[in-house]
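Per the working numbering, the sequence shown runs over residues 689 to 1149.
Built from N, CA and C at the ideal position, the CB exists for glycine as well.
Taking it in order: structure first as structure tokens, then the write-up.
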Amino acid sequence: MQVPRSIFREYDIRGLAERDLTDAVARAIGLGFGATLERGPRTVLVARDCRLSSDRLFAALTGGLLDAGCDVVDLGVGPTPYLYNGAYEVPASGAIMITGSHNAGNENGFKMMRGRGSFYGEAIQALRARIEADDLPIAAERGTMSALDRRSDYVACLTKGISLARTNIRFVLDAGNGAGGPLALEAMRSLGLNPDPLFCEMDGNFPNHHPDPTVEKNLEALVARVRETGAELGLAFDGDADRLGAVDADGNVIWGDRLLVLFAREVLATHPGAAILGEVKCSQTLYDDIAKHGGRPIVWKTGHSLIKAKMKEEHALLAGEMSGHLFFADRYYGYDDALYAALRLLEIVAKEKRSIGELLSDLPHTVTTAELRVDCADAIKFAVVRQVTEHFQKAGREVLTTDGARISFGGPSEPCWGLVRASNTGPVLVLRFEAPNAETCAAIRAEVEEVVRSARGACAE
């Protein structure tokens, strides 16, 4: 069977719903995934977000799973962490979330789990190869379909252990019309909180803004509401609510690495010496602050599946990405859940007498760029990164090669670096820079970009 190879990515399967994810493709994915599970009784949990194509894809995918002999448990409509929670609470061989995550409404896809672990990387490519080879056995006996509504169980799990010193926190929640709004409001209100809801109704058209809180334009309505109402903070989710965005009382965006500073301090106060993961795009001030507060900072690769695997290996209690994926193994299961992260942030705000801005005011001031994306063909992008790495190593620079090349331009722990890494999801190089001041940041950016241009040209010849 011919399938679009581009939809099989490092962490999930994703593409344009009506072009790439036809019923035949979705059914083949169900058949192929079912075949990867161990023989014997095989139960697969399936949930879906509120996109307009999700019901169609659910029918096609589960048709394949049933034909593979799997018993399907339909968890209904909800955010991705609702499915993750089910995988931890309900005995199952696997789980699949139908979601386009933070992408536009006309896109969709599948996030998969085998048992409680992520199904990613080589496993996804092996699934693609199986489909292309038409190695899709149909079971002698078709599986069964049942429904299980776990929404109240999930809310109970979210709120368990959350202790609020006060409940009169003034805050705005922008769910972006994604799948996380209704359950987040339910959880917050059950704790006695009174959120100011903004776009919390599920609408697969995403009529108000793109469901991605890592883009400042998508936070404009949230910032305006926070300033208009005098709220203490604003919270935002992406389309499937596995990413948390936040703004302070002045409307300043609190990016993922700075949120991780707040959470790390809280975790380290009760678990001295704990391992805490960040990814290569995070500020050096994060890692320095973790060490300063007695933690063990670990710089790791970008990608929620890779981070969850590394957390288990290191027995880390907390991890996070610039993109707002935040993973709590402290008092929780270790998966990325924006609803739970929001409650943990509200817990901090409730007990502190200072605002979020004041809590972070002791971090050293640095100048950072946004993620800069440079087009680079898939065939050469990793070779370009290798050439960049070799160039700076020969120049005597310290280069961290955990995920791409993070090049140090300062002394030990000095926040002065540049990053070049190949995207795992497209023909792109991702660059980011940090320095103590704008002049130095611009200088290292210019130097690295020139090396990237040269390497890209050489690799394309």
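Straight-line Cα distance separating residue j from residue i
i        : j        : result
Arg-730  : Ser-834  : 13 Å
Ile-964  : Ala-828  : 48 Å
Leu-1051 : Arg-816  : 46 Å
Lys-1039 : Gly-1008 : 22 Å
Phe-1070 : Pro-1115 : 10 Å
Asp-928  : Ala-775  : 16 Å
Ile-986  : Pro-825  : 43 Å
Leu-1117 : Asp-737  : 30 Å
Tyr-699  : Thr-1113 : 8 Å
Val-1072 : Gly-868  : 39 Å
Ala-1065 : Glu-1059 : 18 Å
Pro-1103 : Gly-764  : 46 Å
Asp-1024 : Phe-1016 : 7 Å
Ala-783  : Lys-998  : 20 Å
Val-1062 : Gly-880  : 46 Å
Val-955  : Val-1108 : 31 Å
Ala-853  : Val-1076 : 50 Å
His-992  : Asp-1091 : 14 Å
Ala-962  : Arg-953  : 11 Å
Range of the contiguous alpha helix (DSSP H) that encloses residue i
i        : result
Arg-946  : 944 to 958
Asn-1112 : Asn-1112 -> no alpha helix (DSSP H), and no H or E assigned at all.
Asn-1039 : It is worth fixing the name first, because residue 1039 is Lys in this sequence and not Asn. Element bounds for Lys-1039: 1026 to 1039.
Leu-974  : 972 to 980
Gly-1157 : Residue 1157 lies beyond the range of the chain shown here (689 to 1149); nothing can be said about it.
Arg-1094 : Where Arg-1094 is concerned, there is no enclosing alpha helix (DSSP H), although the beta strand (DSSP E) it sits in stretches over 1093 to 1096.
Leu-852  : Leu-852 -> no alpha helix (DSSP H), and no H or E assigned at all.
Val-860  : Taken as a continuous stretch (DSSP letters only), Val-860 belongs to no alpha helix (DSSP H), being part of the beta strand (DSSP E) at 859 to 862.
Leu-1157 : Outside the shown range of the chain (689 to 1149) lies residue 1157, about which nothing can therefore be said.
With 16 other Cβ atoms within 10 Å as the buried cut-off, status of residue i
i        : result
Gly-1106 : buried
Asp-822  : exposed
Gly-933  : buried
His-1153 : The chain is shown only over 689 to 1149; residue 1153 falls outside these bounds and no answer can be derived.
Pro-895  : exposed
Ile-1132 : buried
Arg-838  : buried
Gly-831  : buried
Gln-690  : exposed
Leu-753  : buried
Val-903  : exposed
Asn-906  : buried
Pro-769  : buried
Leu-836  : exposed
His-1003 : exposed
Residue span of the beta strand (DSSP E) that contains residue i, given as start and end
i        : result
Gly-720  : Where Gly-720 is concerned, there is no enclosing beta strand (DSSP E), although the alpha helix (DSSP H) it sits in stretches over 711 to 724.
Phe-1015 : 1014 to 1016
Glu-967  : 963 to 967
Asn-796  : 795 to 802
Gly-1145 : It is not in any beta strand (DSSP E) - Gly-1145 instead sits in the alpha helix (DSSP H) that spans 1126 to 1148.
Met-833  : 833 to 835
Val-734  : 731 to 736
Arg-1061 : 1060 to 1063
Asp-841  : Taken as a continuous stretch (DSSP letters only), Asp-841 belongs to no beta strand (DSSP E), being part of the alpha helix (DSSP H) at 839 to 847.
Ile-986  : 984 to 988
Ile-701  : 701 to 704
Ala-924  : 921 to 925
Asp-884  : 884 to 886
Gly-782  : 782 to 786
Residue i (DSSP reduced to helix, strand or coil)
i        : result
Glu-1078 : helix
Arg-877  : helix
Asp-759  : strand
Leu-1051 : coil
Phe-1070 : helix
Val-691  : coil
Glu-1002 : helix
Phe-746  : helix
Leu-754  : helix
Cys-932  : In the sequence as presented, Cys is not what sits at residue 932; that position holds Leu. Leu-932: strand per DSSP, three-state reduction.
Pro-899  : coil
Ser-1011 : coil
Ser-993  : helix
Thr-1056 : strand
Ala-909  : helix
Glu-1046 : helix
Stretch pair the segment 1086 to 1106 + the segment 1128 to 1142: three plus CB contacts closer than 8 Å: yes
With a threshold of 8 Å, are at least 3 pairs of Cβ atoms found where one atom belongs to the segment 785 to 801 and the other to the segment 969 to 977? no
Within the chosen definition, does the segment 854 to 868 reach the segment 910 to 928 through at least 3 CB pairs nearer than 8 Å? yes
Could you check whether the segment 744 to 763 touches the segment 715 to 729, counting it as contact only if at least three pairs of C-beta atoms, one from each stretch, sit closer than 8 Å? yes
Touch check for the segment 792 to 799 and the segment 703 to 716: three-plus C-beta pairs under 8 Å? yes
With three or more C-beta pairs closer than 8 Å as the rule, is the segment 1028 to 1046 touching the segment 1004 to 1018? yes
How do the segment 804 to 816 and the segment 911 to 918 stand: do at least 3 beta-carbon pairs fall below 8 Å, yes or no? no
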